[in-house]
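Following our numbering, the numbering of the sequence shown begins with -18 at its first residue and continues without gaps.
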Amino acid sequence: MKDSQIFTVALIIAILGLSGMMLLSDKITPQEIKIKDLNKGMLDEDVSIVGLVEKIDKSPRSNTYFLQLRDGTGKTTAVIFDSAVLDLEKNNLTPLSFINHRVKITGKVQQYNGNMELILNDGKSLKIIV
């Protein structure tokens, strides 16, 4: 095969691959896990957890909220920073409206003071499950 033919085939395959990734990217969702399965190997990964919001605390120094989430296998904290709080407020919600509700939270796994927690990406990352 000539170099030009190899280049053409490689270019076509690359374009098809990139097109497929773009078309399917909205179908890719974070892995749904149980709280007991959170571990250091998941740091900086996006995951989803379904659980009950038992308690909500607000930082005295900022517009950051801390949701205590329990799913029957354990408990963890989900952190909602100011930008995600503003996203929620655009939809007439506040973090406090999720207390004692079963929710699905999607966020990035982080470690803080030796404990695993989720950092919400935006206001769409927190949904009440009925």
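Where is the CB? At the ideal position from N, CA and C, for every residue including glycine.
Nearest to Lys108 by alpha carbon, out of Met3, Ile(-4), Arg42 and Leu74?
Leu74
Please classify Glu98 as buried or exposed, where buried requires at least 16 neighbouring CB atoms within 10 angstroms.
buried
Taking the Cβ atom as the reference point for each residue, do Ser29 and Ile86 lie within a distance shorter than 8 Å?
yes
Segments of 3+ residues assigned as beta strand (DSSP E) that fall wholly inside the region 41 to 77
Segments of the beta strand (DSSP E) lying fully in the region 41 to 77: 46 to 51 and 56 to 61.
Coil, strand or helix - Ser(-16) by DSSP:
For clarity, residue -16 is Asp in the given sequence; the question names Ser instead. Secondary structure of Asp(-16) (DSSP, three-state): helix.
Within its chain, find whatever has a CB closer than 8 Å to the CB of Thr54; leave out the 5 residues flanking it on each side and keep chain order.
Lys15, Ile16, Lys17 and Asp18
For Asn102, which option in Ser78, Glu26 and Gln92 has the closest C-alpha, if you only look at C-alpha atoms?
Glu26
For Thr58 and Gly32, I'd like the C-alpha separation in whole angstroms.
11 Å
Rounded straight-line distance, which links the Cα of Val84 to that of Ser40:
For the pair Ser40 and Val84, the Cα-to-Cα distance works out to about 21 Å.
Using a Cβ-Cβ cut-off of 7 Å (strictly less than) and excluding sequence neighbours within five positions of Ser43, which residues of its own chain qualify?
Asp63
Hey, could you find the ends of the beta strand (DSSP E) Val34 is sitting in?
Asp27 to Lys39
Cβ-based neighbour list, Asp68, same chain, cut-off 6 Å, excluding 5 preceding and 5 following
The residues are Asp103 and Gly104.
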